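Counted the way our numbering counts, the sequence shown spans residues 587 to 768.
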Amino acid sequence: MSKTVGIITGSLRKNSFSESIAQYIKNHAPAGLEFKTIEISKLPLYNQDYDGADPKEYTIFRNEIQALDGVLFITPEHNRSIPAALKNALDVGSRPYGKNVWNGKPGAIISHSPGGIGGFGANHHLRQVLTFLNVLTLAQPEVYIGSYHTLVDEKGSLSNGDTKAFIDSFLSAFTSWIEKVS
Ligand code: FNR
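This is the structure in structure tokens:
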């Protein structure tokens with residue numbers, strides 16, 4: 587039976603590089619994996635006062651995460667860290683205390699940037715948070731995609747052959763990782 591992996595992108599903007607990478611992955615999913623976009627843009631900013639009387643968006647989101655077999659984060663870097671919307675989603679899923687829906691999920695990270703270091707800072711800040719949330723995050727291959735704007739065609743779709751091949755090999759490693767963790 588195929589496994590469902592949630593894709594969470596750190597970018598909220600239309601036609602983002604994050605979305606471009608997500609599209610490539612959805613169109614090239616390895617056998618046995620199905621990728622599903624998980625929406626984070628409508629989540630109210632986490633407030634501990636909500637615990638026990640949660641906004642409906644929180645309940646829907648937590649149930650969606652709970653049902654996943656794995657989670658793939660595709661994120662840009664904002665000021666050498668992860669975008670606030672992504673941190674908010676991680677916080678929402680981690681609470682109420684003792685009900686962390688991320689717990690034990692296999693995960694992986696792709697960071698990217700138009701700059702040269704491919705979102706390294708975001709990638710490792712995210713890795714730190716995921717360690718605490720007990721997401722079992724794939725260690726290798728690390729994926730930092732730099733100069734992303736040079737790797738796409740005029741429609742913004744990934745077109746660089748080497749990058750496609752690298753993402754394909756990453757997907758193969760992630761598939762094995764999900765099997766191992768499960
Ligand atoms: C950025 N960007 C950026 N890039 C980078 O390599 N390191 C950084 O620290 C930052 N910081 C940053 C802060 C904020 C608030 C914005 C809006 C942008 C640039 C960023 O990588 C670029 O806008 C990407 O295109 C964003 O990814 P999406 O939205 O295309 O997925």
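Where is the CB? At the ideal position from N, CA and C, for every residue including glycine.
These numbers come from a predicted model, not from an experiment.
Using DSSP's beta-bridge definition, name the partner residues of H664. S667
Any idea if S755 is buried or exposed, counting beta-carbon neighbours within 10 angstroms, 16 or more meaning buried? exposed
Shorter than 6 angstroms, the distance from the beta carbon of G702 to the closest heavy atom of the ligand FNR, or not? no
For S588 and W763, what's the separation of their Cα atoms in angstroms? 14 angstroms
Enumerate in chain order the residues of its own chain whose CB-to-CB distance from P692 is below 6 angstroms, with the five nearest sequence positions on each side excluded. G656, L722, W763, I764 and V767
Pull the bridge partners of R657 from the DSSP assignment, please. As written in the sequence, residue 657 is Val, which differs from the Arg given in the question. Bridge partners of V657: G592 and G693.
Using 10 angstroms around the beta-carbon of P669, count the other beta-carbons present and answer buried if the total reaches 16, otherwise exposed. buried
On the CB-based measure, 16 or more other CB atoms within 10 Å of its CB, does E620 come out buried or exposed? exposed
Taking E605 as part of the alpha helix (DSSP H), name the residues at either end of that continuous run. F603 to N613
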